[in-house]
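The structure under discussion appears below in the form of structure tokens.
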Amino acid sequence: MATDVTEESFEQEVVERSRQVPVVVDFWAEWCGPCRTLTPALEAAADAREGKVVLAKVDVDANQGLAASFGVQGIPAVKAFRDGTVVNEFVGAVPKAQVEAFFDSLVPSRADELLAAGDELSLREAAELEPRRPDIAVALARARLARGAVDEALAAVEGHEGDFAAAGVAARIELTKAGVATEAFAALDRGERDATLDLLLEALGKASADYDLEAGSSGGAGNAVPGRELLRRAIVGILSEASPDDPSAREYRRRLATALY
Numbered sequence: 058m059a060t061d062v063t064e065e066s067f068e069q070e071v072v073e074r075s076r077q078v079p080v081v082v083d084f085w086a087e088w089c090g091p092c093r094t095l096t097p098a099l100e101a102a103a104d105a106r107e108g109k110v111v112l113a114k115v116d117v118d119a120n121q122g123l124a125a126s127f128g129v130q131g132i133p134a135v136k137a138f139r140d141g142t143v144v145n146e147f148v149g150a151v152p153k154a155q156v157e158a159f160f161d162s163l164v165p166s167r168a169d170e171l172l173a174a175g176d177e178l179s180l181r182e183a184a185e186l187e188p189r190r191p192d193i194a195v196a197l198a199r200a201r202l203a204r205g206a207v208d209e210a211l212a213a214v215e216g217h218e219g220d221f222a223a224a225g226v227a228a229r230i231e232l233t234k235a236g237v238a239t240e241a242f243a244a245l246d247r248g249e250r251d252a253t254l255d256l257l258l259e260a261l262g263k264a265s266a267d268y269d270l271e272a273g274s275s276g277g278a279g280n281a282v283p284g285r286e287l288l289r290r291a292i293v294g295i296l297s298e299a300s301p302d303d304p305s306a307r308e309y310r311r312r313l314a315t316a317l318y
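Each number in this note's numbering corresponds to the 1-based position in the sequence shown with 57 added.
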């Protein structure tokens, strides 16, 4: 069932609560016919998700300031909040299928839940459910690397060469197999990202253009991939997971460009 929210309770019941669970807010009014049509679909969708999404209702007549602050010009207006901000919205009495899709977009998929679990068994199931997701493939590869299953880890990221993180993991495996930059990757396993990048950039500076390694799945069986290219992929893969506003990552990107060009 929906919770009636006022201007006084909105901050607590919607904004703060959305930091724990998505909150869908239905801006409505008693005189609004389409609102009476939409509300049952919203309630059914929320009930079906068993607490994974919360439904709140705001009477725009009684809470005009609140409606104005969120730019509500027509009702029913539905806004989804996550982490204190609006992440999705629609206006009007849309079909039930659209309501369901709206709620589905807010609820973690089974694969997302398995990815969050993080253990290898869960990650393998997630990869089976969504084999095209590189984030799952990378997590599975790392779980396998943690127990020393190098070939299985390489198989996990096979087919995801277009993703920087996946290509970086594959490059790491190829370099490790060849005994290159092992100290760097040991530092990475300890969570020492900057130390890892320093060591990889040092190795990149020393590697000659004709320094080749036999590549497996990451480069195609029987193909020789220059060691400099594998080192570049490994560095780019690590940096691809850094925050865009990370000043240290920006500096390492500059150093990489200098080393390459």
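Glycine included, every Cβ here is placed at the ideal spot set by N, Cα and C.
These numbers come from a predicted model, not from an experiment.
- In terms of CA proximity to Asp-140, Val-81 leads the group Glu-107, Ala-101 and Val-81.
- Your pair Ala-222 and Leu-211 does not check out as a contact, with CB atoms roughly 14 angstroms apart and the cut at 8 angstroms.
- Under the three-state reduction of DSSP output, Asp-118 falls in the coil class, being neither helix nor strand.
- A contact between stretches requires three or more CB pairs, one per stretch, nearer than 8 angstroms, and the segment 147-161 fails this requirement with the segment 176-193.
- When C-alpha distances from Ala-203 are compared across Ala-243, Leu-257, Ala-174 and Glu-68, the shortest belongs to Ala-243.
- Pairing Ala-200 with Leu-172 gives a Cβ-Cβ distance that is not under 8 angstroms.
- Using a C-beta cut-off of 8 angstroms, the segment 90-101 makes no contact with the segment 60-72, since fewer than three inter-stretch Cβ pairs fall below that distance.
- For the segment 191-254, the continuous alpha helix (DSSP H) assignments of 4+ residues that do not extend past its boundaries occur at 191-203, 207-214, 221-234 and 239-246, in sequence order.
- Using a 10 angstroms sphere on the CB of Tyr-309, the tally of other CB atoms reaches 16 or more, which defines it as buried.
- In the structure shown, Lys-109 falls within a coil segment according to DSSP collapsed to helix, strand and coil.
- Annotation for Asp-83: the continuous beta strand (DSSP E) segment containing it runs 80-85.
- Between Val-237 and Gly-205, the CB-CB gap reaches or exceeds 8 angstroms.
- Counting along the chain, no beta strand (DSSP E) covers Glu-73, and no H or E run does either.
- In this structure, DSSP gives Glu-146 an extended state, which the three-state scheme calls strand.
- Distance from the Cα of Ala-150 is smallest, within the candidate group Gly-216, Glu-231 and Cys-92, for Cys-92.
- For Arg-289, DSSP assigns no beta-bridge partner whatsoever.
- Contact annotation, Leu-256 with Ala-241: C-beta distance approximately 4 angstroms; criterion of less than 8 angstroms satisfied.
- Here the alpha carbons of Ile-295 and Lys-136 stand approximately 36 angstroms from one another.
- One thing to note: Val-111 has its Cβ no nearer than 8 angstroms to the Cβ of Gly-131.
- Per the coordinates, the alpha-carbon of Leu-288 lies some 46 angstroms from the alpha-carbon of Arg-106.
- In the structure shown, the three-state DSSP call for Phe-138 is strand.
- DSSP places Asp-161 in the helix class (H, G or I) of the three-state scheme.
- At least 8 angstroms separates the beta-carbon of Asp-246 from that of Ser-305.
- Burial is judged here by how many other beta carbons sit within 10 angstroms of a residue's own beta carbon; Lys-263 has fewer than 16 and is exposed.
- Here the C-alpha atom of Arg-190 lies approximately 15 angstroms from the C-alpha atom of Glu-298.
- Gly-225 is a Cβ neighbour of Arg-290, given a cutoff of 8 angstroms.
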